[in-house]
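Heads up, the sequence shown is in the numbering used here, so the first residue is 326 and it goes up one at a time. Backbone N, C-alpha and C fix where the C-beta goes; we use that ideal spot for every residue, glycine too. Note that the coordinates shown come from a computational prediction; the quantities given were computed from them, not determined experimentally.
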Amino acid sequence: MFHQGDGGSVVRRDCAKGQASCGDTGILSPRLRARELGWRRWCRLAQNIVAKGGSRGMFRNARLMLYFVIGCLMLAFCVTPAAANGQSNLAVWLWGSTVRTQGAEAVVKGLAENHVTDVFLLVRGTAGKADYASAIAPPAEADKDALGDMMAVCRPLGIRVHAWFVFNQDKAYIDLHPEDSMWHHGKANTEFKPYRMEDGKVCPMSEAHLGYMNDMIREVLENYDVDGIHLDYIRYGHMVYCFCPDHVQKATNLGISVDRVREVIFETSYASNANPNRFFEAYESGDADVVAWVKMRQSEIRGAAASMRAVAREAKPNVIFSASLMPEGALVDTNSFAMCHYGQSYEDAGELYDLVCPMAYHLDFGKSPAWVGDVARGTIELVGSDVPVYIGVQAYGNKADRDAVQEAIAAGLEAGAEGVALFRFGTMNEERWSAVSDALK
326 MFHQGDGGSV VRRDCAKGQA SCGDTGILSP RLRARELGWR RWCRLAQNIV AKGGSRGMFR
386 NARLMLYFVI GCLMLAFCVT PAAANGQSNL AVWLWGSTVR TQGAEAVVKG LAENHVTDVF
446 LLVRGTAGKA DYASAIAPPA EADKDALGDM MAVCRPLGIR VHAWFVFNQD KAYIDLHPED
506 SMWHHGKANT EFKPYRMEDG KVCPMSEAHL GYMNDMIREV LENYDVDGIH LDYIRYGHMV
566 YCFCPDHVQK ATNLGISVDR VREVIFETSY ASNANPNRFF EAYESGDADV VAWVKMRQSE
626 IRGAAASMRA VAREAKPNVI FSASLMPEGA LVDTNSFAMC HYGQSYEDAG ELYDLVCPMA
686 YHLDFGKSPA WVGDVARGTI ELVGSDVPVY IGVQAYGNKA DRDAVQEAIA AGLEAGAEGV
746 ALFRFGTMNE ERWSAVSDAL K
């Protein structure tokens, strides 16, 4: 389905069909091949540094030489990703701030020791600041390049690095372009009139913001040899969004009665005798305006993802294009909830992405570990068997103890998930890593 340098375990569909060259990647690199190629990379790096400036060049490039030493030591001890050891793929979501605080060297040590195969590195979060060297977005921290630092230490170990982008919230962008803000349905304090959000939420139908996102994705792929682009928040956050003037006009042009849609939302959330299931019931019963409104929002999310996918493919044809998904859409009994709130379709995801990560955080949802397996099974059924599923596991919060983490992972893998994605690296501790190790045996 997708491929990656020396540590890849599966091949992307285009490669399987002969539409892209996969010659230098392989399906699964044996331990010795990973070591051999890693040594070659580090030796070339050292030679390049010396060639650029002899011993002076080496001192001027002290950070690169430090990476060289660390990489050699890790390769000497034959620390390899889980997939190279015959285990399931193991991914972590990693904040750029964690890299800046702990240092890439310390982070990769933890990744390698625990046989992590994939890192989803947050390069643009809700604040809209870039954790890479960007000429487009403001920096998360001046003169810091978390992505570049992680690429330097992960690449020789065969750990895949995916640039993780948040889609529907960007405070830095909205501060400059308030016209692209998300609008709320309206509450009692606004006399239930729509109002502009002021927390950086972006209207998903904004073509200007989508263009900005595409420019950032293109910038990353042109300047960093990342393995993947990972989308997050590629959805609406709630049914109360978005009632901006452009959306009202668009819906009206489509023949949708916006007043009717707003009325049903009011009856669901704000009326004195509110029925919390009212909107879902209207959708399931075929209410014309509600159904058309939901489909309009779904189309916007699908279209935005397709646009970003096209940009990513153009910049790097073999890039792994993935997304994290809200879990409700994987299950029959909560699918309407997901469609009405998020506009995020698992069927669409199966056509759009090379890899999906349903965020089955069972403790936050008050569910048992068995629910994680249900989400994994539902995801596999809806996205199709040729789309790898990394089940998202909760590894944060006081309740996420050893048993909770281990049982959630076991449930997801037993249901057919090809890998596990832990949220998040910064909250992992010895107890949780031990649980992961035991679950993956």
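Exercise. Do the region 531-539 and the region 632-647 touch if we need at least three Cβ pairs shorter than 8 Å?
Worked result: yes
Problem set entry | Between the CA atoms of glutamine 669 and leucine 656 - distance to the nearest angstrom | 13 Å
Exercise. Is serine 661 closer than 7 Å to phenylalanine 605 when the C-beta atoms are compared?
Worked result: yes
Exercise. Straight-line CA distance for glycine 698 to threonine 515?
Worked result: 43 Å
Exercise. Checking contacts by CB at 7 Å: is proline 652 closer than that to chain B?
Worked result: Going by chain labels, chain B is absent from the structure shown, which holds only one protein chain.
Problem set entry | threonine 442 burial status per 10 Å Cβ neighbour count (16 or more: buried) | Counting of Cβ neighbours within 10 angstroms places threonine 442 among the buried residues, the total reaching 16 or more.
For this session: With DSSP collapsed to three states, give me the class of glycine 553.
Result: strand
Exercise. Alpha carbon to alpha carbon, how far is arginine 480 from valine 486?
Worked result: 8 Å
For this session: Please classify glutamate 739: is it buried, with 16 or more other beta-carbons within 10 angstroms of its beta-carbon, or exposed?
Result: exposed
Exercise. Between proline 529 and glutamate 672, is the Cβ-Cβ spacing less than 7 Å?
Worked result: no
Exercise. Can you round the beta-carbon distance between alanine 663 and methionine 651 to whole angstroms, since I take them to be within the 8 Å contact cut?
Worked result: Yes, they are in contact, since the Cβ atoms of alanine 663 and methionine 651 sit about 6 Å apart, within 8 Å.
Exercise. Going by the beta-carbon positions, is the gap between alanine 488 and valine 432 smaller than 7 Å?
Worked result: Taking 7 Å as the Cβ cut-off, alanine 488 and valine 432 do not qualify as a contacting pair.
Exercise. Taking just the CA atoms, how far does histidine 555 sit from histidine 440?
Worked result: 20 Å
For this session: Ignoring anything shorter than 3 residues or poking outside the region 609-676, list the beta strand (DSSP E) runs there in chain order.
Result: 645-650
Exercise. What does a CB cutoff of less than 7 Å around tyrosine 558 pick up in its chain, not counting 5 residues either side in sequence?
Worked result: Val491, Phe492, Asn493 and Gln494
Problem set entry | Pick from Ala613, Pro570, Phe517 and Pro694 that is closest to glycine 580, judged by C-alpha positions | Comparing Cα-Cα distances from glycine 580 to each of Ala613, Pro570, Phe517 and Pro694, the minimum goes to Ala613.
Exercise. Apart from the five residues on each side of it in sequence, which residues of its chain come closer than 8 Å, Cβ to Cβ, to valine 718?
Worked result: Ala685, Tyr686, Val697, Val730, Ala733, Ile734, Gly737, Val745, Ala746, Leu747 and Phe748
Exercise. How would you call glycine 654, buried or exposed, if buried means at least 16 neighbouring beta carbons within 10 angstroms?
Worked result: buried
Exercise. When DSSP labels each residue in this structure, what does alanine 455 get in the three-state scheme?
Worked result: strand
Exercise. Cα-Cα, which of Phe750, Gly703, Val761 and Glu756 is closest to lysine 434?
Worked result: Phe750
For this session: Pull up the DSSP beta-bridge partners for glutamine 719, would you.
Result: Phe748
Problem set entry | Where glycine 525 falls, given that 16 or more other Cβ within 10 Å makes a residue buried | Buried: at least 16 other Cβ atoms inside 10 Å.
Problem set entry | Where alanine 764 falls, given that 16 or more other Cβ within 10 Å makes a residue buried | buried
Exercise. At what residue ranges does the region 537-607 contain a whole run of the alpha helix (DSSP H), taking only runs of 4 or more?
Worked result: 570-578 and 583-594
Exercise. Quick one: Cα of valine 573 to Cα of valine 714, how far?
Worked result: 36 Å
For this session: Could you say which of His666, Cys569 and Ser649 lies nearest to tyrosine 608 if we only look at CA atoms?
Result: His666
Exercise. Excluding sequence positions up to five away, which residues of its chain have a Cβ less than 8 Å from the Cβ of valine 455?
Worked result: One detail in the question is off: residue 455 reads as alanine in this sequence, not valine. Hits under 8 Å: Val448, Arg449, Ile461, Ala462, Pro463, Pro464, Ala465 and Met541.
For this session: Just the C-alpha distance for aspartate 474 and lysine 518, rounded to the nearest angstrom, thanks.
Result: 47 Å
Exercise. Do the CB positions of alanine 701 and arginine 727 come within less than 7 Å of each other?
Worked result: no
Exercise. In chain order, what residues of the same chain have a beta carbon less than 7 Å from the beta carbon of alanine 695, not counting five sequence neighbours either side?
Worked result: Ala736
For this session: Could you spell out the range, first to last residue, of the beta strand (DSSP E) harbouring valine 730?
Result: Segment 727-739 is the alpha helix (DSSP H) holding valine 730; no beta strand (DSSP E) there.
For this session: Identify every residue that forms a DSSP beta bridge with methionine 753.
Result: In DSSP, methionine 753 forms no bridge with anything.
Exercise. Using the C-alpha atoms, what's the distance from valine 586 back to threonine 451?
Worked result: 28 Å
For this session: Could you pull out every unbroken beta strand (DSSP E) segment of at least 3 residues lying fully inside the region 443-524, listed in chain order?
Result: 443-449 and 485-491
Exercise. Can you tell which of Gly628, Tyr549, Asp571 and Pro570 has the C-alpha that lies nearest to the C-alpha of alanine 477?
Worked result: Tyr549
Problem set entry | Unbroken alpha helix (DSSP H) run spanning proline 694, endpoints | Proline 694: member of the alpha helix (DSSP H) spanning 694-708, first to last residue.
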